[in-house]
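K.L.:
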Amino acid sequence: NAPVEQEAINVWIKAFSVLAAGLGLGVAALGGAIGMGNTAAATIAGTARNPGLGPKLMTTMFIALAMIEAQVIYALVIALIAL
């Protein structure tokens with residue numbers, strides 16, 4: 029009877045691991061999306077104020093977006109490792 033109980037415990041551990049990985053990745057993606065939205069809004073506002081700086085602001089924005097997206101990718105890798 030003990031092996032059956034141990035198998036049930038292992039199933040629950042696996043289920044909670046998947047749930048935690050999904051929740052963690054969801055929170056990371058939500059934070060990344062909010063950060064990207066704020067970055068894009070600031071870039072658009074800066075370009076509207078000074079159109080001459082548009083290309084420079086765009087370059088800076090893309091670098092910032094890559095850094096923000098890297099955080100989400102790190103969360104994905106950690107979630108996959110946790111499984």
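Start counting the sequence shown at 29; every next residue gets the next number (this note's numbering). For every residue, glycine included, the Cβ atom is placed at its ideal position computed from N, Cα and C. Remember, predicted model here, so these are calculated numbers, not experimental data.
Closest to L93 by C-alpha separation, out of L111, R77, G59, would be which residue?
P.N.:
Residue G59 is the option with its Cα nearest to L93.
K.L.:
May I ask you to verify whether the stretch 70 to 85 touches the stretch 37 to 44, counting CB pairs closer than 8 Å and requiring at least 3?
P.N.:
Judged by Cβ distances under 8 Å, the stretch 70 to 85 makes no contact with the stretch 37 to 44, as fewer than three pairs qualify.
K.L.:
What's the call for A103, buried or exposed, on a 16-neighbour Cβ count within 10 Å?
P.N.:
A103 should be labelled buried.
K.L.:
The alpha helix (DSSP H) spanning N66 covers which residue range?
P.N.:
30 to 77 is the extent of the alpha helix (DSSP H) around N66.
K.L.:
Buried or exposed: L85, going by 16 or more other Cβ atoms within 10 Å of its Cβ?
P.N.:
With 16 or more other Cβ atoms within 10 Å, it is buried.
K.L.:
With distances taken from CA atoms, which of I96, L111, L108, V105 is nearest A61?
P.N.:
Cα-wise, what sits closest to A61 is I96.
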